[in-house]
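Chains as they are written, first to last, in this note's numbering: chain P, 5 to 290; chain C, 1304 to 1705.
Cβ coordinates follow ideal geometry from the N, Cα and C atoms, glycine included.
Each remark here refers to the structure printed beneath this line.
Have a look at this one:
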């Protein structure tokens, strides 16, 4: 019984970690139709920004906004220099962002070397019966929920949010009523990258900063977005919690390999049943 | 098209001509991963080779001539190893090859050097079992490290063992040795989890470890993601009641990556730690740091390459020839060498090194304190399976099951 409870809690935390790593990708893909294969490297950039900030003496909690800012600015530059020229050309953007991911990866190797000191997790833990759980990963459940609510509010309650949705849903009409869709898209891409940076920073205590850390996230994050389908936020949340929790529970009762297998097989099955994503027929838009 | 072709031919001709005239002394080839994901190891391996050659050349080289190094970057890609091994042998006419990190890279190179009949040195800790007349292994094998580590672990922590290992041959074969030496030392494996290299969240593994209640965990994390396991293990508060030991922790400077609170108390066993105290190591570290700086600690793979180059040079000078037959005969004559990791001697039958195995404990300053030194440990499994003096035609990769 205790075992089952700890498995459930820690599986939910695994799913939340997946969701945190996915949301930036989901926003960019959902609102702009751009698949950013360099998403993992933006996470990596966020992690290194936060790490560098803490090494300069900034407390970790303040290093997170620094990481978000760095990745947002870099994301905006990438949008202006590369992405903007490739709108509507899905495969070209994939190729370009993949190239960018290789360049960023090797850039990180050159700048930071292949090993950097980690910052460690807060040594706080609590007991469920005979079992001990680290507090920080569990805290990620809350972080994911807040992140989700924040993005929802940003897209529905702010002028930018309305513009962003208008610019992508009916670009001609949006331009006709005076929305600068180019600038809105730059901001949307920057926000997506900022979310990736946030993920890298907040997960830094769990996943140490290394040049190759992006690879670990990008495949599962990408699949989560594909399973989710057109309803960006609710779809991604459901997909991450469903597939992520399921995989983690399987890993706990069987082996980690079985957990991974479950993740990928479930993805195949879901896409066979819902070729356009699980949210294809939903009425809500976010 | 024709002009381009002839231009290329002319260029190739000039290149080969100029190389023909530039012959200095004995040529050796080096193929390591200087870029890409494996360069944590590859750069240091290559640095060690350059440093060893410099030292040998300063002392007169081999056969009275300086050694010339032809170096290639394998870019952490397997296909580059075969490509550059062929190039180095066919075009550059090297007389010995120093290359490879992963077992797959070694297995890709082995048929090529065997066909070309060139001595090949593989310098990395690995799962063990390589057995080939032209191949010489200077890293420590899984059975070599595990034999001492499990004995020490059972007597220090208690008999119950949990295994956390990567899900490929290094992990599974190492796990086999844990089982084997657990039984021999009165221990028992109470659970094991083999993990894909892409897993970054270890909550399920930590639950299973707690359910199995082991006295200590044998953790063999490979790659950046699996280093996170150590962090999560510590944060869950398990380090206080469960020991954690490893044969590869530190081999890629993981002790620098993990935080002091997670790294303190982790037990590692290896053929070399930078903290090893002897005169040779003091000289070696000084020389290394003068050339490459003090930023990153020296890994065991670097010392394995250093030893390989020195053993080869000793053999060439002893044979008074760089011809393959003569060099292999000299290498099989019971060579030994005062290395940074203590005295090493080449076992003529298995082509592996008898060398010290150190057990060290991670400290709070991203470093190690040496706890125990086991001297002159043989590569147990390889010495048992592989006799290249009696059977020079052997070309096998033995696994414990076979």
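- Residue nearest to residue 1523/C within the set 1538/C, 1393/C, 1553/C is 1553/C (criterion: CA-CA distance).
- For residue 263/P, the nearest beta carbon of chain C is closer than 9 angstroms to its own beta carbon.
- Under the Cβ criterion of 9 angstroms, residue 1562/C is counted among the residues facing chain P.
- Within the model, the alpha-carbon separation for residue 34/P versus residue 182/P is close to 23 angstroms.
- When Cβ pairs closer than 8 angstroms are counted between the two stretches, the region 96 to 104 of chain P is seen to touch the region 39 to 50 of chain P, the count reaching three or more.
- For the pair residue 283/P and residue 235/P, the Cα-to-Cα distance works out to about 6 angstroms.
- Per the coordinates, the alpha-carbon of residue 1564/C lies some 7 angstroms from the alpha-carbon of residue 124/P.
- Non-local C-beta neighbours of residue 1503/C in its own chain, meaning closer than 6 angstroms and more than five positions away in sequence, comprise 1528, 1531, ordered along the chain.
- At the C-beta level, residue 1469/C and residue 1525/C come within 9 angstroms of one another.
- Taking the C-beta atoms as reference points, residue 1372/C is found no nearer than 9 angstroms to residue 1393/C.
- Counting the other CB atoms within 10 Å of its CB gives residue 1382/C a total below 16, which places it among the exposed residues.
- In this chain, the beta strand (DSSP E) harbouring residue 1469/C covers 1463 to 1469.
- For residue 20/P, there are no C-beta contacts with chain C under 8 angstroms, since the nearest C-beta of that chain is about 10 angstroms from it.
- Judged by pairs of C-beta atoms under 8 angstroms, the region 1607 to 1625 of chain C does not touch the region 1536 to 1550 of chain C, as fewer than three such pairs exist.
- For residue 1497/C, the chain P residues whose Cβ falls inside 8 angstroms of its Cβ are 259, 260, 261, in order along the chain.
- Note on residue 1492/C: 16 or more other CB atoms within 10 angstroms of its CB, so buried under the neighbour-count rule.
- Per DSSP, the continuous alpha helix (DSSP H) segment holding residue 1387/C begins and ends at 1381 to 1393.
- Note: residue 1401/C is bridge-paired with 1333/C, 1424/C in the DSSP secondary-structure output.
- Each residue's CA atom was taken as its position, placing residue 201/P and residue 1473/C some 34 angstroms apart.
- The three-state reading of DSSP puts residue 1439/C in strand, counting E and B together.
- Contact with chain C is absent for residue 204/P, since none of that chain's Cβ atoms lies less than 9 angstroms from the residue's Cβ.
- Residues of chain P with a Cβ closer than 7 angstroms to the Cβ of residue 1514/C are, in chain order, 7.
- In the pairwise beta carbon analysis, the region 241 to 261 of chain P is classified as not touching the region 69 to 87 of chain P: fewer than three pairs are separated by under 8 angstroms.
- For residue 66/P, the CB contacts under 8 angstroms within the same chain, skipping 5 residues up- and downstream, are 57 in chain order.
- Residue burial is scored here from C-beta neighbours: residue 1487/C has fewer than 16 other C-beta atoms within 10 angstroms and is therefore classed as exposed.
- Its chain contains 1348, 1351, 1352, 1426 as the residues whose beta carbon lies nearer than 6 angstroms to that of residue 1608/C, once the 5 sequence neighbours on both sides are disregarded; these appear in chain order.
- Exclusion of the five residues before and after residue 98/P leaves 39, 41 as the residues of its chain whose Cβ lies within less than 6 angstroms of its Cβ.
- For residue 1540/C, the residues of chain P that pass the 8 angstroms Cβ criterion are 127, 129, 136, 138, in the order they occur in the chain.
- Nearest CB-CB separation between residue 1528/C and chain P: below the 9 angstroms threshold.
- Taking each of 169/P, 197/P, 199/P, 196/P in turn and checking the Cα distance to residue 185/P, the smallest one comes out for 169/P.
- No Cβ-Cβ contact shorter than 9 angstroms links residue 1428/C with residue 1581/C.
- In chain order, 16, 17, 20 place their CB closer than 6 angstroms to the CB of residue 145/P, counting only its own chain and leaving out the 5 sequence neighbours on each side.
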